[in-house]
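With the working numbering as the guide, the letters of the sequence shown map in order to residues 1320 to 1704. Quick notes on the structure that follows.
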Amino acid sequence: MRRTLFEDVHEDFRASFRTFLTREVIGEEGRYGEWERAGIVPREVFALAGRGGFLGMAVPERHGGAGAEDFRFNLVIGEETQLAGVGSFGLGITLHNDICLPYFLSYCAEPQRERWLGGIASGELITALAMTEPGIGSDLAAMTTRARRDGDHYVVDGAKTFITNGINADLVILAVKTDPSERHRGISLLVVERGMEGFEHGRNLDKLGQHAQDTAELSFTDVHVPVENLLGEEGQGFRYLVSNLPQERLSIAASAVSACEAALGWTLDYVRERQAFGQPIGSFQHSRFTLAQIRSETDIARAYIDRCALELSAGELTPEDAATAKWWCTELQGRVVDRCLQLHGGYGYMLDYPIARAYADARVTRIYGGANEIMLEIVGRSLGL
Ligand SMILES: Cc1cc2nc3c(=O)[nH]c(=O)nc-3n(C[C@H](O)[C@H](O)[C@H](O)COP(=O)(O)OP(=O)(O)OC[C@H]3O[C@@H](n4cnc5c(N)ncnc54)[C@H](O)[C@@H]3O)c2cc1C
């Protein structure tokens, strides 16, 4: 079906982002493969993306951005990185643009905007969001990272884990307990900056997939964070986290649908070429039916996601609809990449083939951004259950 979500301006943006991907990410020398082996995207690539206009599009022009508060530009980046098979590069960028930036735009006071927004748009300041701790993930209100007020500073102690962009990050939006006697109402958000004494970027974690993405442990020992680095109001952190979740979940869901489209494209190419029993494997009825199902399910998911994008633009995307998008589309992604890998036979298991990487990369989307069981809880509660 013809998509009606995008206008010419988004298609122009898509074309220039594709050029950027071909030139700076895929590269004739197979740069992306090097980053996957190294477990990290070099920092200078963020600066190149910033220069190309692919970071912080929503940052106002006076702070060095494009002033384009239009999530469709973000969606283009998620789509194109998946279609190019460089999803683990895309994750760092979408985390920066779709997930972290809204906190800075919504909750920074003017002096904070002056300090940070320019660097976020240029790629000189890479961002991360640190909520998960070694002992808690889904149950955020039970977090133990503590920030104790001491004059004009907070003194922070604790540890976070699984933090996307964790090694590269210059600005970490850190969820802390400012009032440990409270659950949700005791949470605040502090911006912790690279180089603050007692703040350590720990291990770059060895993962099943998403290999070019640095996912790290962070530790905080007696870190003196100035009060000027508090985002918004003390005790409102959980409310801020919740209000940004629909966009975060739509971002994950939209990339999941693009990952299905990419997998379908690679598989169609493969089954047309590969022969068995004297015929292309795509011509077996089982292959045709499998691919027909994938195509149908993906198209239906795409229509829902495009609709969610319009709802988000109108400020009307509900937590339930975003949770539905996230769980449904990531489960679909899991099924699709698995079936597409099967159609590649043994080659599908070889990391030279993009479907193998896509298979490994896909597993985590059912876990992060809120595990899918939590998504079902949100949808279930909306039914009054
Ligand atoms: C690659 C990667 C990147 C990540 N990036 C970030 C990041 O940038 N920032 C960040 O803060 N975190 C990040 N995370 C953490 C991620 O958000 C958490 O892993 C996720 O929220 C789940 O938390 P957990 O791992 O502690 O699992 P747990 O909360 O321990 O859950 C384990 C299992 O129990 C289930 N479960 C828990 N509670 C319930 C319930 N009430 N009902 C039913 N089932 C339940 C879960 O669904 C899950 O299946 C990342 C994780 C990974 C793997």
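We put the CB at the ideal spot given by N, CA and C, even for glycine.
8 Å CB neighbourhood of Gly-1435 in its chain, flanking five on each side removed: The sequence position of residue 1435 within the sequence shown is 116, counting from 1. Contrary to the premise, residue 1435 reads as Trp rather than Gly in this sequence. The beta carbon of Trp-1435 lies closer than 8 Å to those of Phe-1423, Cys-1427, Leu-1444, Leu-1490 and Val-1510 in the same chain, with the five residues before and after it left out.
Proximity of Glu-1553 and Ser-1500 at Cβ, strictly below 8 Å: By one-based count along the sequence shown, residue 1553 stands at place 234. By one-based count along the sequence shown, residue 1500 stands at place 181. No; because the gap between Cβ atoms is not below 8 Å, this pair is not in contact.
What separation, rounded to the nearest whole angstrom, lies between the Cα atoms of Leu-1704 and Glu-1330? The residue given as residue 1704 occupies position 385 in the sequence shown. The residue given as residue 1330 occupies position 11 in the sequence shown. Straight across, the Cα-Cα distance linking Leu-1704 with Glu-1330 is about 43 Å.
Going straight from the alpha carbon of Glu-1348 to that of Thr-1446, what length do you get? Position 29 of the sequence shown, counted from the first residue, corresponds to residue 1348. Position 127 of the sequence shown, counted from the first residue, corresponds to residue 1446. So the two alpha carbons sit approximately 28 Å from each other.
Pro-1421 - DSSP class collapsed to helix/strand/coil: Stepping through the sequence shown from its first residue, residue 1421 is reached at position 102. Note: Pro-1421 maps to helix in three-state DSSP.
Answer with buried or exposed for Ser-1457, where buried requires no fewer than 16 other C-beta atoms within 10 angstroms of its C-beta. Counting from one through the sequence shown, the residue named residue 1457 turns up at place 138. Around the CB of Ser-1457, fewer than 16 other CB atoms lie within 10 Å, so the residue is classed as exposed.
Is the Cβ-Cβ distance between Ala-1582 and Ala-1677 less than 8 Å? Within the sequence shown, the letter at position 263 stands for residue 1582. Within the sequence shown, the letter at position 358 stands for residue 1677. Result yes, Cβ atoms of Ala-1582 and Ala-1677 sit closer than 8 Å.
Local conformation of Pro-1379 per DSSP, three classes: The residue you call residue 1379 lines up with position 60 of the sequence shown. Note: Pro-1379 maps to coil in three-state DSSP.
Phe-1481 Cβ short of 7 Å to ligand 1 heavy atom set: For the purposes of this step, residue 1481 is identified with residue 162 of the sequence shown, where counting begins at 1. Answer for Phe-1481: yes, Cβ within range of ligand 1.
Just reading off the alpha helix (DSSP H) that Arg-1391 is part of, what are its end residues? For the purposes of this step, residue 1391 is taken as residue 72 along the sequence shown, with counting starting at 1. Boundaries of the alpha helix (DSSP H) harbouring Arg-1391: 1390-1402, taken from the DSSP string.
For Ser-1602, tell me which candidate among Ala-1611, Arg-1591 and Arg-1381 has the shortest Cα-Cα distance. For the purposes of this step, residue 1602 is taken as residue 283 along the sequence shown, with counting starting at 1. Of the listed residues, the one whose Cα sits closest to Ser-1602 is Arg-1591.
Look at the alpha carbon of Leu-1367 and the alpha carbon of Gly-1411, and state the distance between them as a whole number of angstroms. In the sequence shown, the residue the question calls residue 1367 occupies position 48. In the sequence shown, the residue the question calls residue 1411 occupies position 92. Straight across, the Cα-Cα distance linking Leu-1367 with Gly-1411 is about 14 Å.
Counterpart residues of Asn-1523 in DSSP-defined beta bridges: Reading the sequence shown from its first residue, position 204 is the one you call residue 1523. The partner list for Asn-1523 (beta bridge, DSSP) reads Ala-1535.
Is the beta carbon of Leu-1569 closer than 8 Å to that of Asp-1622? For the purposes of this step, residue 1622 is identified with residue 303 of the sequence shown, where counting begins at 1. For the purposes of this step, residue 1569 is identified with residue 250 of the sequence shown, where counting begins at 1. The question names Asp, but residue 1622 in the sequence shown is Ala. Taking 8 Å as the Cβ cut-off, Ala-1622 and Leu-1569 do not qualify as a contacting pair.
Tell me the DSSP bridge mates of Gln-1594? On the sequence shown, residue 1594 is found 275 positions in, with the first residue counted as 1. BP columns for Gln-1594 point to Pro-1599.
Could you tell me whether the Cβ atoms of Gly-1485 and Leu-1537 are closer together than 8 Å? In the sequence shown, counting from the first residue as 1, residue 1485 sits at position 166. In the sequence shown, counting from the first residue as 1, residue 1537 sits at position 218. Yes, these two residues count as a Cβ contact at 8 Å.
Please report the straight-line C-alpha distance between Ala-1385 and Cys-1648, rounded to a whole angstrom. Along the sequence shown, one-based indexing puts residue 1385 at 66. Along the sequence shown, one-based indexing puts residue 1648 at 329. C-alpha separation (whole angstroms): 30 Å.
Go ahead and pull the three-state DSSP assignment for Tyr-1473. Here the question's residue 1473 lines up with position 154 in the sequence shown. Residue state for Tyr-1473 is assigned as strand, using DSSP reduced to three classes.
From Pro-1361, Gly-1375, Phe-1392 and Val-1561, pick the residue whose C-alpha is nearest to that of Leu-1629; which is it? Against the sequence shown, residue 1629 aligns to sequence position 310. Nearest of Pro-1361, Gly-1375, Phe-1392 and Val-1561 to Leu-1629, Cα basis: Phe-1392.
Just to check, is the beta-carbon of Glu-1692 closer than 7 Å to a non-hydrogen atom of ligand 1? As a first step, residue 1692 is located in the sequence shown; it is residue number 373 there, counting from the start. With a cutoff of 7 Å, Glu-1692 counts as near ligand 1, since its C-beta is closer than that to a heavy atom of the ligand.
Check for me: the alpha helix (DSSP H) holding Glu-1616 runs from which residue to which? Numbered from 1 along the sequence shown, position 297 holds the residue referred to as residue 1616. Where Glu-1616 is concerned, the enclosing alpha helix (DSSP H) stretches over 1604-1632.
According to DSSP, is Pro-1361 helix, strand or coil? Along the sequence shown, one-based indexing puts residue 1361 at 42. In the displayed model, Pro-1361 falls within coil according to three-state DSSP, outside both helix and strand.
Any heavy atom of ligand 1 closer than 7 Å to the Cβ of Glu-1696? Here residue 1696 is taken as the residue at index 377 of the sequence shown, counted from 1. With a cutoff of 7 Å, Glu-1696 counts as near ligand 1, since its C-beta is closer than that to a heavy atom of the ligand.
May I have the straight-line CA-CA distance separating Gly-1454 from Ile-1418, to the nearest angstrom? Here the question's residue 1454 lines up with position 135 in the sequence shown. Here the question's residue 1418 lines up with position 99 in the sequence shown. Cα to Cα, the separation comes out at about 23 Å.
Going by DSSP, name the residue or residues bridged to His-1543. Along the sequence shown, read from residue 1 onward, the residue named residue 1543 stands at position 224. According to DSSP, His-1543 bridges with Val-1474.
Please classify Arg-1685 as buried or exposed, where buried requires at least 16 other C-beta atoms within 10 Å of its C-beta. Translated into the one-based positions of the sequence shown, residue 1685 becomes position 366. Buried.
Is Ile-1260 helix, strand or coil by DSSP? One cannot answer for residue 1260 here, as it falls past the ends of the chain, which runs 1320 to 1704.
Counting beta carbon pairs with one atom in the stretch 1631-1642 and one in the stretch 1691-1698, are three or more of them shorter than 8 Å? With the cut-off at 8 Å, the stretch 1691-1698 and the stretch 1631-1642 touch.
Rounded to whole angstroms, how far is the Cβ of Ile-1345 from the Cβ of Ala-1387, which I believe are closer than 8 Å? As a working mapping, residue 1345 is identified with position 26 in the sequence shown. As a working mapping, residue 1387 is identified with position 68 in the sequence shown. Your pair Ile-1345 and Ala-1387 does not check out as a contact, with CB atoms roughly 25 Å apart and the cut at 8 Å.
CB contact flag (Val-1546, His-1663, <8 Å): Translated into the one-based positions of the sequence shown, residue 1546 becomes position 227. Translated into the one-based positions of the sequence shown, residue 1663 becomes position 344. No.
So Glu-1516 and His-1543 are in contact, right, with Cβ under 8 Å, and what is the actual spacing, rounded? The residue given as residue 1516 occupies position 197 in the sequence shown. The residue given as residue 1543 occupies position 224 in the sequence shown. Right, the Cβ-Cβ distance comes to about 7 Å (below 8 Å), so this counts as a contact.
Inter-residue spacing [alpha-carbon to alpha-carbon] between Phe-1325 and Leu-1414: The sequence position of residue 1325 within the sequence shown is 6, counting from 1. The sequence position of residue 1414 within the sequence shown is 95, counting from 1. The C-alpha of Phe-1325 lies about 22 Å from the C-alpha of Leu-1414.
For Ile-1482 versus Ala-1460, is the C-beta spacing smaller than 8 Å? Translated into positions along the sequence shown, residue 1482 becomes position 163. Translated into positions along the sequence shown, residue 1460 becomes position 141. Not in contact: Ile-1482 and Ala-1460 (Cβ atoms no closer than 8 Å).
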